[in-house]
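Chemist: These protein sequences, in sequence, are chains X and U. Counting with the numbering used here, you get residues 1 to 472 for the letters of the first sequence. Counting with the numbering used here, you get residues 1001 to 1235 for the letters of the second sequence. Supplied in structure tokens, the structure appears directly below.
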Amino acid sequence: MKYESQRVAWWFFATCMLLFTLQIVYGFIMAFAHAGHDVLHDWIPFHAARATHTNLLVMWLLCGFMGAAYYIVPEESQRELEWPKLAYLQLAALVTVGVTAIIGFHFDWWEGRKFLEIPRPLDYLVVVDVLMFIANIGVTIWKSERKTTTSMVLFFGLLMSALLYLPGMIPTASQTMDSYWRWWVVHLWVEGVWELIMGAILSYLLIKLTGVDREVIEKWLYVIVGLTFLSGILGTGHHYYFIGTPRYWLMIGGVFSALEPLAFLGMAAYAITMAKRGGRAHPNRTALAWTIGCSILSFVGAGFLGFAHTIPQVNLYTHGTLVTAMHGHMAFWGAYAMIVLAVIVHSLPMLTGRRLYDAPSATLAFWASNVGMIAMTLAFAVAGVTQVVLERRVGMEFLAVQREIEVHFWGLIMAASLFTLGIVAFVWNFIRHGRPVGQVEGVRSTLPVRGPAGRDIDALPAPAMRLYEGGE
Amino acid sequence: MLSKSAAKTFFLVGTGLCSVAFLLLTADTLARVPEQTHEENLTPEVRRGKDLWEAHNCMGCHTLLGEGAYYAPELTRVYERRGPEFIRSMLRDPESMYPGQRRMQRYDLSEQEIDDLVAFLRWIGEMDLNGFPPAPVLAASSSAPVARDEHRPPVFDQMCTACHSLGGRGGTVGPALDGVGDRYDAEWIDRWLHDPPAIKQGTAMPRLPLSDVQIRELTTYLSTLRARQDEEEAR
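Here it is in structure tokens:
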């Protein structure tokens, strides 16, 4: 850690851990309901669990992005955050709004629009909160001598995310236009500006972890975010096939969403190539594993599975079925959850002064959660494809089909348990690292710094240590 | 090899062009949507229905226009498929229509609110959705007795098929209705349709919101469902 104010990132990451854990709990409630055990129906009905599950996801990812920005921006712009105290205030406000919204969901207080369930009065507070965040980051970069591509792309991504929250508030009496604007928020976030954030964090991590020249990495960052927007903006059309909008969206959405995997393929190729080219053995292998894993699974989940299900001829049948849930789970995990976890794994040792990254539990966290998520995707895939065939092709009644596929939700629950084991290990590692008491660079830590299995950290090879501390 | 500034240009030009194209298409879509979705039929009832739809987060279980959660049936064409009476009784008491099934929240809606929701679902059902939802092309018996039967009252397709099947199509909550005319006579069917629990205590079959005319039509129709006769006809 080079700057005192980077410490604020830890509190954002801690919030992430809490919200993520809660998200998994609600996921289980829904999976059990699908498997025929809707035991919490009277207290947490399905639609409340669903709203909570998805909004917690958005909340913890945004928290993670903000934490990542607070960690990365001081280092990239080589100065302290402009207003560190504002960052704490902003986190507190965000948590308050989020918790209020989630409790509200359980009392029928919501907007009832998929992914944008947060009630309107709280929407305005979210906007104010995000403006505080953007101002803090923006002024820090603005006043700095050094404006790197990575920090600019990150800032631009965060700024656009904030601006694109606004179309979701356009009032309309038509369900069609309601959906139209809603996708401006959701799609343009997930398949647009969030990819900028992801690309920027990826680029930062690759610069730190591989030691490849910044110029090379940042050049490819431009190419990748270029591909993202080239395909992603008009790719919004794949949400406009069947909601009452003109027929030309089938062609436009189809063609451009077919290009969307390119950006993710680029991201995977880029991460793998840079890691190979780097050659320098960075001691935090786990951080590199999460970084590379993120680029690969985002290609599989968002790129490949997204492609497979947004072809208009296929989407006619898969639209609004569990196939969407299949794609959604791996896409969010691969692209956004993993990048947040990667940046946490990378920064935690620096924030806390404890280097516990190659502990067996860290490895377990990586493998159990990834294998678990892949298995979950498969369970959704089998259930989803069965649903499509029986309901949309054979013409069986919805509820009859649901009974046929109940068994696959037991498969899903098994897979989710493995996934949860991984996340528990991850959270355990987070806890083990302790509070952010690590010293700013140059001041030797007063804490007993121990590696896994009691190995003294100073026993690590000196060049590796220098690389780790120095970064580039 | 590509330089950093060339990469930057690619990013800026590509993003700019796509954004402009997207804005132009949006303007065109805004102009065309009113006709495609029959916006002239957006009555105050429909608008209130949409507000109720959102206030209770119906999308948190159902899908509409294929959007929502995947826990409860797709409702885009529900007005056509089930008819207003079925929807009304479902909204009055969700448990009455599918007892012991996947459960829906009970909302204690007023009759006015129920009418608003029905109006909303009706408006949704009339939209031109570019071919969604698709017809089930593999439906085995779509050309079998069920479809070519001219005497079948519309209410049979709206209500009965939600739980019962005929010729392999329909729900699986209640027993199949193939050959039901062999098992029961018209008088019994008539009594049964009037009040199922009075005949068989604890039955899953609810007292359906049927008019006397509809019951008469259904009784006549169900009495003709005879296995033997079907076989003869097939010969």
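Glycine included, C-beta positions come from ideal geometry on N, C-alpha and C. If you're wondering where the values come from, they're calculated on a predicted model, not measured in any experiment.
What number of angstroms, rounded off, separates the C-alpha of Gly328 of chain X from the C-alpha of Pro1197 of chain U?
Modeler: Translated into positions along the first sequence, residue 328 of chain X becomes position 328. Translated into positions along the second sequence, residue 1197 of chain U becomes position 197. So the two alpha carbons sit approximately 44 angstroms from each other.
Chemist: Determine, for Gln23 of chain X, whether the minimum Cβ-Cβ distance to residues of chain U falls below 8 angstroms.
Modeler: Indexing the first sequence from 1 puts residue 23 of chain X at position 23. Not closer than 8 angstroms to any Cβ of chain U, the Cβ of Gln23 of chain X fails to qualify, so no.
Chemist: Please tell me whether, using a cut-off of 7 angstroms, the distance from the CB of Ile24 of chain X to the nearest non-hydrogen atom of the ligand NAD is below it.
Modeler: Only the bare structure without any ligand can be found here, which leaves the ligand NAD out of the picture.
Chemist: Are the segment 1029-1042 of chain U and the segment 1082-1097 of chain U touching by the rule of at least three beta carbon pairs closer than 8 angstroms?
Modeler: Not touching, per the Cβ criterion.
Chemist: Counting only beta-carbon separations shorter than 8 angstroms, does Thr176 of chain X have a partner in chain U?
Modeler: Numbered from its first residue, the first sequence carries residue 176 of chain X at position 176. Yes - at least one Cβ of chain U is within 8 angstroms of the one on Thr176 of chain X.
Chemist: Looking at the C-beta of Leu1002 of chain U, does it have a partner C-beta in chain X at a distance below 8 angstroms?
Modeler: Here residue 1002 of chain U refers to the residue found at position 2 of the second sequence. At least one chain X Cβ lies under 8 angstroms of Leu1002 of chain U.
Chemist: In whole angstroms, what is the alpha-carbon distance linking Asp1128 of chain U and Gly64 of chain X?
Modeler: Stepping through the second sequence from its first residue, residue 1128 of chain U is reached at position 128. Stepping through the first sequence from its first residue, residue 64 of chain X is reached at position 64. Cα to Cα, the separation comes out at about 41 angstroms.
Chemist: Could you tell me which residues DSSP pairs with Glu1067 of chain U in its beta bridges?
Modeler: As a position in the second sequence, residue 1067 of chain U is number 67, starting the count at 1. DSSP, once it has assigned bridges, lists U:Leu1064 as partnering Glu1067 of chain U.
Chemist: How is Leu1109 of chain U classed by DSSP in three states: helix, strand or coil?
Modeler: Walking along the second sequence from the start, residue 1109 of chain U turns up at place 109. In this structure, Leu1109 of chain U counts as coil in the three-state DSSP scheme.
Chemist: Indicate the three-state DSSP secondary structure (helix, strand or coil) for Leu1166 of chain U in the structure shown.
Modeler: Your numbering for residue 1166 of chain U matches position 166 in the second sequence. Correct three-state label for Leu1166 of chain U: strand.
Chemist: On the criterion of 16 or more Cβ atoms from any shown chain inside 10 Å, does Met66 of chain X qualify as buried, or is it exposed?
Modeler: By 1-based counting over the first sequence, the position of residue 66 of chain X is 66. Met66 of chain X should be labelled buried.
Chemist: Pull up the distance between the alpha-carbon of Gly353 of chain X and that of Gly434 of chain X, whole angstroms please.
Modeler: Here residue 353 of chain X corresponds to residue number 353 of the first sequence, with the count starting at 1. Here residue 434 of chain X corresponds to residue number 434 of the first sequence, with the count starting at 1. Spanning the two alpha carbons is a distance of roughly 9 angstroms.
Chemist: Give me the subset of the segment 1159-1175 of chain U whose CB atoms are less than 9 angstroms from a CB atom of chain X, sorted by chain position.
Modeler: Listed by position, the residues of the segment 1159-1175 of chain U near chain X (Cβ gap below 9 angstroms) are Thr1161, Ala1162, Cys1163, Ser1165, Arg1169, Gly1170, Gly1171, Thr1172 and Val1173.
Chemist: Can you grab the Cα-Cα spacing for the pair Asp129 of chain X / Lys114 of chain X, in whole Å?
Modeler: Within the first sequence, numbered from 1, the residue matching residue 129 of chain X stands at position 129. Within the first sequence, numbered from 1, the residue matching residue 114 of chain X stands at position 114. C-alpha separation (whole angstroms): 22 angstroms.
Chemist: According to the Cβ coordinates, are Val192 of chain X and Thr228 of chain X closer than 8 angstroms?
Modeler: Stepping through the first sequence from its first residue, residue 192 of chain X is reached at position 192. Stepping through the first sequence from its first residue, residue 228 of chain X is reached at position 228. In the sequence under discussion, the amino acid at residue 192 of chain X is Gly, which differs from the Val named in the question. Contact flag set, yes.
Chemist: So, at 7 angstroms on beta carbons, what are the nonlocal neighbours of Leu467 of chain X in its own chain, with the 5 sequence-adjacent residues on each side left out?
Modeler: Here the question's residue 467 of chain X lines up with position 467 in the first sequence. Residue placement at Leu467 of chain X cannot be trusted, given a pLDDT of 47 that sits under 50; the coordinates are not used to answer.
Chemist: In the DSSP assignment, find the unbroken alpha helix (DSSP H) run with Ser203 of chain X in it and report its ends.
Modeler: Taking the first sequence and counting its residues from 1, one reaches residue 203 of chain X at position 203. It spans Trp194 to Thr210 - the alpha helix (DSSP H) in which Ser203 of chain X sits, taken as one unbroken run.
Chemist: State the CB to CB distance for the pair Phe380 of chain X and Pro1073 of chain U, rounded to an integer number of angstroms; the pair is presumed to be in contact (CB under 8 angstroms).
Modeler: Here residue 380 of chain X is taken as the residue at index 380 of the first sequence, counted from 1. Here residue 1073 of chain U is taken as the residue at index 73 of the second sequence, counted from 1. Not a contact, Cβ separation roughly 19 angstroms.
Chemist: Determine, for Ala33 of chain X, whether the minimum Cβ-Cβ distance to residues of chain U falls below 8 angstroms.
Modeler: Working through the first sequence from its first residue, we reach residue 33 of chain X at position 33. So yes, Ala33 of chain X belongs to the interface.
Chemist: Could you have a look at Glu1187 of chain U and say whether DSSP puts it in helix, strand or coil?
Modeler: Here residue 1187 of chain U refers to the residue found at position 187 when the second sequence is read from its first residue. Three-state DSSP puts Glu1187 of chain U in a helix.
Chemist: From the DSSP secondary-structure annotation, give me the bridge partner or partners of Glu1085 of chain U.
Modeler: The count along the second sequence starts at 1 and reaches residue 1085 of chain U at position 85. Answer by DSSP bridge pairing: none, since Glu1085 of chain U is not bridged.
Chemist: For chain X, find out if any of its Cβ atoms is closer than 8 angstroms to the Cβ of Arg1122 of chain U; answer yes or no.
Modeler: Your numbering for residue 1122 of chain U matches position 122 in the second sequence. Chain X, which has no Cβ nearer than 8 angstroms to the Cβ of Arg1122 of chain U, makes this no.
Chemist: Look at the Cβ atom of Val225 of chain X, then the Cβ atom of Leu196 of chain X, and state whether they are nearer than 8 angstroms.
Modeler: Start at 1 with the first residue of the first sequence, and residue 225 of chain X comes out as number 225. Start at 1 with the first residue of the first sequence, and residue 196 of chain X comes out as number 196. Going by C-beta atoms, Val225 of chain X is nearer than 8 angstroms to Leu196 of chain X.
Chemist: DSSP three-state label for Glu1074 of chain U, please.
Modeler: Here residue 1074 of chain U corresponds to residue number 74 of the second sequence, with the count starting at 1. Strand, per DSSP.
Chemist: Determine, using beta carbons only, whether Trp110 of chain X comes closer than 8 angstroms to chain U.
Modeler: Taking the first sequence and counting its residues from 1, the one referred to as residue 110 of chain X is at position 110. Answer yes: the Cβ-Cβ gap between Trp110 of chain X and chain U drops below 8 angstroms somewhere.
Chemist: What residues from chain U crowd round Pro246 of chain X, counting only those whose CB sits closer than 9 angstroms?
Modeler: Locating residue 246 of chain X in the first sequence gives position 246, where the first residue counts as 1. Near Pro246 of chain X (Cβ distances below 9 angstroms), the residues of chain U are Leu1025, Asp1028, Thr1029, Arg1032, Val1033, Gln1036 and Asn1130.
Chemist: Specify, as a first and last residue, the run of the alpha helix (DSSP H) that Met1059 of chain U falls within.
Modeler: The count along the second sequence starts at 1 and reaches residue 1059 of chain U at position 59. Careful: Met1059 of chain U lies outside any alpha helix (DSSP H) and carries neither H nor E.
Chemist: Which chain B residues sit within Cβ distance under 7 angstroms of Pro1136 of chain U?
Modeler: In the structure shown, chain B does not exist; the protein chains are X and U.
Chemist: From the beta carbon of Arg1102 of chain U, is the nearest beta carbon of chain X less than 8 angstroms away?
Modeler: On the second sequence, residue 1102 of chain U is found 102 positions in, with the first residue counted as 1. Interface residue, yes.
Chemist: Quick one: what does DSSP say Trp83 of chain X is sitting in, helix, strand or coil?
Modeler: Taking the first residue of the first sequence as position 1, residue 83 of chain X is located at position 83. Three-state result, Trp83 of chain X: coil.
Chemist: With distances taken Cα to Cα, identify the nearest neighbour of Leu1210 of chain U among U:Gly1014, U:Asp1028 and U:Arg1088.
Modeler: Within the second sequence, the letter at position 210 stands for residue 1210 of chain U. Out of U:Gly1014, U:Asp1028 and U:Arg1088, U:Arg1088 has the C-alpha closest to the C-alpha of Leu1210 of chain U.
Chemist: With DSSP as the reference, label Ala312 of chain X as helix, strand or coil.
Modeler: Translated into positions along the first sequence, residue 312 of chain X becomes position 312. Residue identity check: residue 312 of chain X is Pro in the sequence provided, not Ala. In this structure, Pro312 of chain X counts as helix in the three-state DSSP scheme.
Chemist: Please confirm if Asn1041 of chain U has its CB atom under 8 angstroms from at least one CB of chain X.
Modeler: Residue 1041 of chain U sits at position 41 when you count from the first residue of the second sequence. No, because no Cβ of chain X sits closer than 8 angstroms to the Cβ of Asn1041 of chain U.
Chemist: For a cutoff of 8 angstroms on Cβ pairs, would you count Val223 of chain X as touching chain U?
Modeler: Residue mapping note: residue 223 of chain X aligns to position 223 of the first sequence, counting from 1. Yes, Val223 of chain X counts as interfacial toward chain U.
Chemist: Relative to the C-alpha of Ile473 of chain X, which candidate in X:Tyr165, X:Met59, X:Leu163 and X:Ala68 has its C-alpha closest?
Modeler: The first residue shown for chain X is 1 and the last is 472, placing residue 473 of chain X beyond what the model contains.
Chemist: By the criterion of Cβ-Cβ separation under 8 angstroms, what are the contact partners of Tyr1184 of chain U in chain X?
Modeler: Translated into positions along the second sequence, residue 1184 of chain U becomes position 184. Under the 8 angstroms cutoff, chain X gives no residues; its nearest Cβ is about 23 angstroms from Tyr1184 of chain U.
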